[in-house]
DNA sequence: ACGATCTGATACCGTCGAGTGTCAAATATG
DNA sequence: CATATTTGACACTCGACGGTATCAGATCGT
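Protein chains in written order, with the numbering used here: chain A, 1479 to 1683; chain B, 1479 to 1683.
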């Protein structure tokens, strides 16, 4: 049975253009994710088609289906990558704060999310709609729960009330970032962070 | 020129089924808006077609175009009606609070928005996407600005900081309402309102 | 150089929704 | 009753998109 390869897909196993098959597939996948961030973060997930993604990524449809099966799956991958990168920045900052000082974490989050309006929109708005809704009520909520996971457990305290405060702060954080990008807040990043630190301390005593 | 009516649209001017032409058109329009609230508030605006609306409203397509020209226009009408009704409830409550006590206004808002999850989703999530985005960054923001319009002007104070606090509270309010509907907050309406009053007083000193 | 395979452009088909038109039944008017 | 209008059910065209296939040119392995 030397002829173990029937007339099926070539499977992509050869070096091409100097890069391996695996690398090429990964690069294409990343270009699709980049295109997704660009289009999802500006037009919104619902207003983007597979053809749009391919045009933005300068790839043909075949390579979309090479890595994803639907727009929603791509959106999930984009969301996941964006959140992962943010977590990579925020977690060390939380550790730096030692579960006491919220400033490092808030600085990391704000500079990470404020820097790119596409990321902000993806996290705050698109994260609640369609197939992304399964990822939980926005990223800010997860970030706050992350914080609570690192902060010392408060014994016997008002659990439900504490949880409500967490959601409150998450919502405040999200709304402020969106307002900032809308240009209605005439404050520097430092001033915004100062206010956030103050709000955090007031909300989570 | 007695023959002033060419072979155009019948224009609907006759009594039918006991109701006037004007009333019939208004009833159909309202049924479309009701269908819009139901479908937009559950599936989201982007996932609803004109055919869906007509099926839900039990009307044929002709009558959709009688009152609206696109899904987005219907969504705007639904959004407008929902916000108008909420304003009708909240404004008297603000007046009742005399610009000092936020409790009446918060009670009116929460019972008005918490009562119907479709309204909550429409205001908090759908209000930021697609054609609804032009209505401003969610209804909560407008509600807070409404509050500030009624509250006594604070002379020479940190305008930008105050504005940031308003957005912060609006975001907190929105997030809490959404979390409530998701069932993750095991609190009574009264407890939620108590917390909101407390948060408001802390955020807007 | 030659065959295998990788890539890009394009064509093709089926489906779905927007928007318009047709026709018969129901109802009002004279 | 006879005619005009209103209404509902349905058919139709057109374009966009999802998904698949075809084909020529580029690149690699031998």
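Glycine included, C-beta positions come from ideal geometry on N, C-alpha and C.
- Within 7 Å of the CB of residue 1598(A), no CB atom of chain B is found; the nearest one sits about 12 Å away.
- Listed along chain B are 1646 and 1681, each with a C-beta nearer than 7 Å to that of residue 1677(A).
- With the criterion set as a beta carbon lying under 7 Å from some beta carbon of chain B, the members of the segment 1581-1607 of chain A are 1603, 1606 and 1607, in sequence order.
- When beta bridges are read from the DSSP output, residue 1587(B) appears opposite no residue.
- Between the C-alpha atoms of residue 1519(A) and residue 1553(A) there is a straight-line separation of about 10 Å.
- Contact annotation: the segment 1585-1601 of chain A touches the segment 1557-1574 of chain A, with at least three C-beta pairs closer than 8 Å.
- Straight-line measurement puts the Cα of residue 1550(B) at about 6 Å from the Cα of residue 1609(B).
- Residues of chain A with a Cβ closer than 7 Å to the Cβ of residue 1654(B) are, in chain order, 1642, 1645, 1646 and 1649.
- With distances taken between CA atoms, residue 1598(B) lies nearest to 1660(B) out of 1537(B), 1660(B) and 1555(B).
- DSSP links residue 1494(A) through a beta bridge to 1497(A).
- Under a criterion of Cβ atoms nearer than 9 Å, the residues of chain B adjacent to residue 1663(A) are, in order, 1638, 1641, 1642 and 1645.
- Annotated three-state conformation of residue 1578(A) is coil, per DSSP.
- Linking residue 1680(B) to residue 1583(B) through their CA atoms gives a straight-line distance of about 16 Å.
- By the Cβ-count criterion, residue 1491(B) is exposed, with fewer than 16 other Cβ atoms from all chains shown falling within 10 Å of its own Cβ.
- Between the alpha carbons of residue 1574(A) and residue 1580(A) lies a gap of roughly 9 Å.
- At least 8 Å separates the CB of residue 1668(A) from every CB of chain B.
- Those residues of the segment 1551-1576 of chain B placed with their C-beta closer than 8 Å to a C-beta in chain A do not exist.
- A distance below 8 Å separates the beta carbons of residue 1545(B) and residue 1506(B).
- Close to residue 1522(A), with beta-carbon spacing below 7 Å, are these residues of chain B in chain order: 1607 and 1608.
- Residue 1629(B) sits in coil when the DSSP states are folded into three classes, being neither helix nor strand.
- The DSSP assignment places complete alpha helix (DSSP H) segments of no fewer than 4 residues inside the segment 1655-1683 of chain A at 1667-1681, in order along the chain.
- Listed in chain order, the alpha helix (DSSP H) elements of length 4 or more contained wholly in the segment 1531-1574 of chain B are 1539-1545.
- Judged by DSSP in its simplified three-state form, residue 1619(B) adopts helix.
- Distance from the CA atom of residue 1532(B) to the CA atom of residue 1644(A), rounded to whole angstroms, is 41 Å.
- For residue 1646(A) against residue 1653(B), the beta-carbon gap comes to about 7 Å, under 8 Å, which counts as contact.
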